[in-house]
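Let me begin by presenting the structure, written as C-alpha cells, before commenting on it.
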Amino acid sequence: METIYQAQINFSRFLSASGQAEQPLPSWTEQPDTLVSYYRNMVLARQLDNKIIALQRTGQMGTYASLLGAEAIEVVLGERMQPNDVLVPYYRNHALQMLRGLSMEDLLSYWGGDERGNAAAAMGEDFPNAVPIATQALHATGVATAMKIRGEKRAVVTVCGDGATSKGDFMEALNVAGAWQLPVVFMVNNNQWAISVPRSLQCGAPTLAQKAIGAGIRGEQVDGNDVIALHESVSNALQHAREGKGATLIEAISYRLSDHTTADDATRYRNNEELKAAWEREPIKRLQTFLHQKGWWDEVQESAWQNEVAQLIQQGIERYLQQENPPVEHLIDFLYAELPAALQEQRARLIRNAQPGGSHHE
Amino acid sequence: METIYQAQINFSRFLSASGQAEQPLPSWTEQPDTLVSYYRNMVLARQLDNKIIALQRTGQMGTYASLLGAEAIEVVLGERMQPNDVLVPYYRNHALQMLRGLSMEDLLSYWGGDERGNAAAAMGEDFPNAVPIATQALHATGVATAMKIRGEKRAVVTVCGDGATSKGDFMEALNVAGAWQLPVVFMVNNNQWAISVPRSLQCGAPTLAQKAIGAGIRGEQVDGNDVIALHESVSNALQHAREGKGATLIEAISYRLSDHTTADDATRYRNNEELKAAWEREPIKRLQTFLHQKGWWDEVQESAWQNEVAQLIQQGIERYLQQENPPVEHLIDFLYAELPAALQEQRARLIRNAQPGGSHHE
Amino acid sequence: MNKMTMVEAINLALKSAMRQDDSVIILGEDVGVNGGVFRATVGLRDEFGLKRVLDTPLAETMIAGLSVGMASQGLKPVAEIQFMGFILPTMEHLIGHAARLRHRTRGRLHCPMVLRVPFGGGIHAPEHHSESTEALFAQIPGLRVVIPSSPARAYGLLLAAIRNPDPVLFMEPKRIYRLNAQPVEDSGQALPLDTCYTLREGNDITLISWGAMIKETLEAADHLAQQGVSCEVIDVVTLNPIDHETMLASVAKTGRCVIIHEAPKSCAVGAEISATLAERGLVNLQAPINRVTGYDTVMPYYRMENHYMPNTADILEAVKTTLEFS
Amino acid sequence: MNKMTMVEAINLALKSAMRQDDSVIILGEDVGVNGGVFRATVGLRDEFGLKRVLDTPLAETMIAGLSVGMASQGLKPVAEIQFMGFILPTMEHLIGHAARLRHRTRGRLHCPMVLRVPFGGGIHAPEHHSESTEALFAQIPGLRVVIPSSPARAYGLLLAAIRNPDPVLFMEPKRIYRLNAQPVEDSGQALPLDTCYTLREGNDITLISWGAMIKETLEAADHLAQQGVSCEVIDVVTLNPIDHETMLASVAKTGRCVIIHEAPKSCAVGAEISATLAERGLVNLQAPINRVTGYDTVMPYYRMENHYMPNTADILEAVKTTLEFS
Ligand SMILES: Cc1ncc(C[n+]2csc(CCOP(=O)(O)OP(=O)(O)O)c2C)c(N)n1
Ligand SMILES: Cc1ncc(C[n+]2csc(CCOP(=O)(O)OP(=O)(O)O)c2C)c(N)n1
Ligand SMILES: [Mg+2]
Ligand SMILES: [Mg+2]
C-alpha cells in the first residue's frame, strides 16, 4: 500500500468572535479605509434587509430571502471584485449585487415580482439570480470558459449555499473548472441550514471545502463572519483566477440568522440556543468592536451613518413603490429577439384582455 | 491558518506486471483455489468477448461493448459478492453478470437487441445494464437505502467507468452514500478512456479515488490488473458495507484494450505505443505467470480449459441463435402491471400489423 | 367527518398509507421535522420515525434515482419535489429508468414509486415556482400522471397512486391547497385511476379541465347554468394513460367542447384531447373545439401573473364563441 | 457541386459558420480528435484548434449549463449531445435558463446557443439510443426546435440556427444521416426558420411530417401519385414556434390530412398540429385527420424496432382511410 496523494483543508480567521486579533493581521488592515468601508456596507445591507422584511409583512413585497448573517461575505466579494469580473449570484446576494451596481429600486422591484429588476444595464454581464439551486455554478464555468478562450484576465465569482453543494451541478462545475483550469471563485455561504435541513445531513465529510479535492482545485475554509479572513481568501482566489492558475472553492462558515425566507418559520425546526450562540459570532458587531478599539469608528459616526442609510433606503423604497406595472406585452416581447409570427395573435389577445372591458382588466 | 482536515489516497498492488509478488501476499493466496478460479473465469470472459465481437462482425449481434482488459475487476467482484448482495452494473460487466447467474444466451440475447436478456429470473434483484452513464450509481444508493432501512447485512456493488465520474449522478451518489453511511461499493473501472476522451481531460485531480474525500467515504486506488490487490480491496469494502460502516470508492486502474464498442475505431484517437504498453500489464497473462511459478496451472490444464470454454461458448451461441423473436405484444404488455384501457387499441393494431398481410409483417 | 383542505387530505392519505403498509417511505427535501414546505408531510416523522421519513440532501436527480433503487427492492417511496420548477433534474431517471424498469426487464423488476409535486401559479411565489409543465410528463410511456382537484379526490387518488405498482407522478395544484375545505373521510379507500371524473352532467357543452382550473371551470358552469346553458364538466384526473372514451362520449352528446388548462397552449395536454376528440368524433362536432390556456411564454413572475392565468371570464368568452358557432 | 450526405452537410455548415464567425465554438463529448460519434465534427479541431473545439468531461448537465454561460458572453456555443436519450440532464438548463435568459433579463442578456442532437430509430442502436422525444422540447416557450430532412436543408438550417440570437435545439434524424446524398453548395446561405417547407404540392390530401419520416412520406406520395392521388407534402421543420398557417392553408385546399411522426402518439407534436387544424379549419375538413405515429410505449431495443417504426404501408393505409371517409 503506497500513499500516492495527500491533501489538507485549512481554516482561517483573524478576528475572534469578540473582535480581537487572533494572529498577526495583514498589512492592509493598518489603514482604516477598507475596513470602514466594509463596515458601512454591512450596516446598509442589514438595515435594508430589515426594511424589506417589513415591506413583505405589510404586503408590499413578495417572498424574500434575507441575507442576515451573510453581510461579511457579501461586502468582501462586492468590494474585491473588479467591474469587469462577472458575478453569477444566487438568491441571497442582494448587498453584493448592489455593490456591483444594481440600484435599490431594481433590487426591490425583482423581489416585488417584476423581471425588470433583472434588466438594469448597471448589472453589465452579471447573471440574474439563480433560483434553481446550484445551476449558477455551471453558468459561471461557462462565463469563465469564454474568458479563457479569449485570453482575458478576468474572474468569475459564483455563490451558493451549503445545501447547493449536494447537487450535481455544483460538483460538475467544480470538476470542469479543475479539468480546464477555469478562472472561477466558488463561494459557498455555509450558513448551516438548507431551509430545515442542517449541514450535517447534507454531507458526511467534515468540511464542504474538501469537495475541491476531488476536482483538483484549491479548497479552503474561512470564518465567514470575519471580513479580514474573507478579504485574504477572496483576494488570493481572485488573483489566482486572473493569473490563469485556476479555480478556488471557498467555504465561508456563517449562520443564517433569519428564517429561510419570509415564507418560512425556522422555529419549527431550529433551536433557540443555537441561534443565540450564532448571534454572538455575527460579523457586524465583531468588526465594530475592532474599529472602536482602533479609534476608526465611534458612536457619532455610527448614528450619522445609520441615519444616512435610513434615508437612502427610504428613498429607494419610495421609488420602488411608485413603479407602474410594466406593459403587459412584456410577457411575450422578450421571449425571442423578434416576435415570431406564431405569437402575434397571442400578443394581441394579451393586450386586448388587459384593456378596459377585457377579461384581465383590473 | 489552521489545518482542520487531512486525507490521503493509497494505491495497492501485489503482483507486478510480470506476475511477481511485489510485497508479502495475503494468506488466502497460499491456497490455489481462489486464484485458479479467478484465472479460469478470466479466460472464459476473454474468449467469450472475442466470440461476441466475431458475431457482431458477421451481423449476428448488435453494437457490443467489449470488456477486454477489465477481466480481473469482473471476476473478483463476481466471486466476492454474495448471492444476496445486489449488483447495479454498467454496460461492460458481462463476466460479472454471468458470475451472478446470468446465462450466456441471455447475455447474448440482450446485446442482440432483445430486452428478454434483462428478464432472467437468475438475475434476482440485480439491475439491468445502465446505458445512460452514471445513473446506476444512484440506483445503487437507493437499493442500499432499502437495505439500511430494513437493517439487512447486505451490500450493493455498482460499477462505472472513468468518464462516468464526471457526471452529477455519480457525485450525488457518493454524497448521499456518505451522508447516510450506505452499504455500497462504488467500483470505478478506470480504463483511461471515455470513448475518445482520455482520463486527463475528465478531471484535473491526480486520482479519481479522491472524489470520495468530498463525500466523506473511503476511497482508494488499486491496480485493476491484479486480482490479488482487487480481492483485498473488494473484500474489505464489502465487509465494511455489510458491517454498516458505509461506502467505499475503489478506483481500479485498468486499460481499455478494445475499441470503445464495435461501433468505434480507437485508432482514430489513440496511439499504438500506449496500447502496446498496456498489453504488457494485462491481467490474465500476469496471473498465469504467477500460477505457473506456483505450479498451480500448466499447459495441459490451459488447453483443456480453453477447449472446454470454447465448447461452452459454442453451445451458448447456438442457443442464442435459435431464439425466436418475442411475441410482438411484448412491446406494450410490460409497460404497466395491467394493460390500461387506453392502450388496448394500439396493442391490437400492433398484433394485426405483425400478421401476414399486416403492414409490419416481414 | 372532518372538513379539511387539500393539503390536509394529502397528509391524511400519506398517514393512512403508511399505517397500512410498512414499505411506504417518505423522502425529499424538508419533509422531516419541517413537514414539507407546504406542510404536506407534517407529523409523519413523529409518528413513523427517521427510517420512514427521510430528509434528503438537496439533489433532485438523486431523489429520483434513489427512489428507483428503493422501489426495485419492493419499497414504496413517496418522494416530494418542492416545486414543479425543480423537477427537471429528475427526468433522466423518470424517463430512462422509473417508467421503463418493468418494461425493460419484462416484469422481473418494477418501480412502484410516487413523485409528489406542487405545481401551478396564482400564489405569488418566486420566479420558477409557478410552472405547469404536466405535458412534459404526460407524454412519457409508462409514467402515470395524476392530478386531483378537490380534497376528497386528493385523498383517494393519492392512496391509489401509492398502491399502484407502477410509477406515478402526483401533481398537486397548490393554488387550491388551502381553498374550499370539504369533508374527507379517512376511509382508506382509493379512488380509480385512468378514468375521467364527470363532475357535472350537462347537455349543451362539455368543459374539460384538471387541477386548479377546475375551480374556474365550475364557476363558469354555475354562471352558465343561470343563463340556461347546461355544461358537462369533466375532470381528466389521469393525464397518462388518458381516458379519451369518457370525453368522446360527452362530446358526442353535447357537440361542443372547451378545454381549459393553465399550461401554455402549444403541445400541451389540451392538444392531445382536442386532436383526439376531432379525429375520433368529427361527425359529432357542432363547433370547433376551443382551448382556453396560458400563453406560449414563460410563466411570469408574480406581479404580472394574473395576466397570464386563464380565468372564468376567459372561459365564458370561449363558451360563448363555441355556442354561437354555426 | 459536391454530392454529400446529411452528416457531411452538417459538418460543412459547421465549418462555414466557424470560418465566418470566430465566436462559434464547438463543444461536447468526443467532438474533438474523434470528430463526434457520428463524425459530424470531423476535421474541425484540426482547422480551428483546441480553443474552438472543446472535448468536455462526460456530463450533459454541464454541457448545457456551460453553454448558457458561454452564450451570455456573446459566444455562440454549438454543443453536441451524443444521442437524444442522453439529453434529459440538460432540461433544467434549457427550460430554466437558456430559453428564458433573454426574457427574464428583459433583453439585457441573451443566449445564442445551439444544441445538436441525433435522434430517432432505425439504425439498430443500443437501448436508449433511438428515442424521438421532440415533443418534450417543442413545448418549451423560448426554445426553437428545428429538424432537417435533407442534406441541403440540414446545411442551410444549421447555419440559420447558429446565426439565430436565441437558443435552438437542432435535432438530426440519424436514420437518414447517410442516405440519399445530394448536391449541397457551400454558399454560406442560411434557410429560413419558423416556416414549414412544402416539399410537394398537391390537391387531394395533405401529408405532414418532419425528420426521417419525410422519406416514407415522400415514398407514399410517389406511390399515391401513380394511383392518381395528388398529395401535398409539408415538412414542418421548425416545431417551435410552429407555422400553423402553411398547414391550415394546405388543408383548406385539400380537405384531408395525415400527420406522420416516429414519436409515440400521445401528447406529441402531431397532436398540436391536428388540434389546431381542426380548431381553426373545422369547416374545411372533409375527413377526420389521421395520425400515423409510433406506439405509446418505450422505443423497443433493436430486434423489434421495426414493429414500432411507422412505415410507408402504414401511411398508405391511413391515406386510404382518410380518402374513403365520407
Ligand atoms: C433545484 C432546486 N431545488 C429546490 C429548491 C427549493 N429551495 C430553495 S432554497 C433551498 C435551500 C437551499 O439551501 P442552501 O443551498 O444551504 O442555501 P441557503 O438558502 O441556506 O443560503 C431549497 C431546497 C430550489 N430552489 N431549487
Ligand atoms: C448520459 C450519457 N451520455 C453519453 C453517453 C454515450 N456514451 C456511452 S459510453 C461513453 C463513454 C463512457 O466512458 P467511461 O465512463 O470511461 O466508461 P467506459 O466505456 O470507458 O468503460 C459515452 C460518452 C451515454 N451512454 N450516456
Ligand atoms: Mg444554507
Ligand atoms: Mg473509461
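Heads up: the sequence lines are chains Y, F, D and L, in that order.
If you read the first sequence in my numbering, its first letter stands for residue 1432, the second for the next number, and so on.
If you read the second sequence in my numbering, its first letter stands for residue 1432, the second for the next number, and so on.
If you read the third sequence in my numbering, its first letter stands for residue 11, the second for the next number, and so on.
If you read the fourth sequence in my numbering, its first letter stands for residue 11, the second for the next number, and so on.
A virtual CB, placed ideally from N, CA and C, is assigned to each residue, including glycine.
It should be emphasised that the depicted structure is a prediction, and the values quoted were computed from it without experimental measurement.
Using a Cβ-Cβ cut-off of 6 Å (strictly less than) and excluding sequence neighbours within five positions of residue i, which residues of its own chain qualify?
i: S1627/Y; result: Y1700
i: V1574/F; result: V1517, V1587
i: E1536/Y; result: G1747, R1750, Y1751
i: A164/L; result: M16, A19, I20, P158
i: S82/D; result: L119
i: E1674/Y; result: none
i: V1519/F; result: F1558, Q1567, H1570, A1571, T1589
i: Y207/L; result: D245, V247
What span of residues does the beta strand (DSSP E) with residue i cover, start to end?
i: E102/L; result: It is not in any beta strand (DSSP E) - E102/L instead sits in the alpha helix (DSSP H) that spans 101-106.
i: R126/D; result: 124-129
i: P183/L; result: 178-183
i: F1721/Y; result: First-last for F1721/Y: 1714-1725, but that is the alpha helix (DSSP H), not the beta strand (DSSP E).
i: R154/D; result: 154-156
i: L1688/Y; result: Run containing L1688/Y: none; DSSP gives neither H nor E here.
i: I218/D; result: 215-219
i: V1587/F; result: 1587-1592
On the DSSP letters alone, give me the boundaries of the alpha helix (DSSP H) that residue i sits inside.
i: G166/L; result: 161-173
i: E144/D; result: 144-148
i: R1796/Y; result: Chain Y is shown only over 1432 to 1793; residue 1796/Y falls outside these bounds and no answer can be derived.
i: G1747/F; result: 1730-1753
i: N1667/Y; result: 1658-1673
i: I224/L; result: 223-236
i: S260/D; result: 254-264
Which residues in the same chain as residue i place their Cβ atom closer than 7 Å to its Cβ, once the five residues preceding and following it in sequence are excluded?
i: L1752/F; result: Q1491
i: V41/D; result: T51, V63, D65, E90
i: V34/D; result: A27, M28, K86, V88, I172
i: H107/D; result: V78
i: N1720/Y; result: This sequence places Thr at residue 1720/Y; Asn is not what is there. Excluding sequence neighbours, T1720/Y sits near S1449, G1450.
i: W1728/Y; result: V1467, Y1470, Q1719, L1722
For residue i, which residues from the same chain have a beta carbon less than 8 Å from its beta carbon, with the 5 sequence-adjacent residues on both sides left out?
i: R1511/Y; result: H1662, V1665, S1666, L1669
i: E1556/F; result: V1517, V1574
i: E1465/Y; result: The sequence given here places Thr at residue 1465/Y; Glu does not occur at that position. Here the set comprises W1459, E1510, H1662.
i: T100/D; result: E70, T71, I73, A74, I91, L125
i: R210/D; result: L228, A231, C241, E242, V243
i: L1499/Y; result: R1477, D1480, R1687, L1688, S1689
Can you name the residues that DSSP bridges to residue i?
i: P320/D; result: BP columns for P320/D are empty, so no partner.
i: F1442/Y; result: Q1652/Y, E1433/F
i: E1682/F; result: V1619/F, Q1652/F
Does the count of Cβ pairs from the stretch 246-263 of chain D and the stretch 207-221 of chain D closer than 8 Å reach three?
yes
Within the stretch 267-309 of chain L, ranges of the beta strand (DSSP E) (whole runs, at least 3 residues):
267-274, 300-304
Are there three or more Cβ pairs, one per stretch, closer than 8 Å when the stretch 1677-1686 of chain Y is compared with the stretch 1467-1480 of chain Y?
no
Evaluate the contact criterion for the stretch 97-107 of chain L versus the stretch 183-197 of chain L: three or more CB pairs, one atom per stretch, below 8 Å.
no
Segments of 4+ residues assigned as alpha helix (DSSP H) that fall wholly inside the stretch 1463-1542 of chain Y:
1463-1488, 1502-1511, 1525-1530, 1535-1542
Which runs of the beta strand (DSSP E) at least 3 residues long sit entirely within the stretch 46-88 of chain D? Give them in chain order.
63-65
Starting from the N-terminal side, write out each stretch of the alpha helix (DSSP H) that is 4 residues or longer and does not extend beyond the stretch 12-50 of chain L.
16-30
Three or more C-beta pairs below 8 Å linking the stretch 265-279 of chain D and the stretch 302-313 of chain D:
yes
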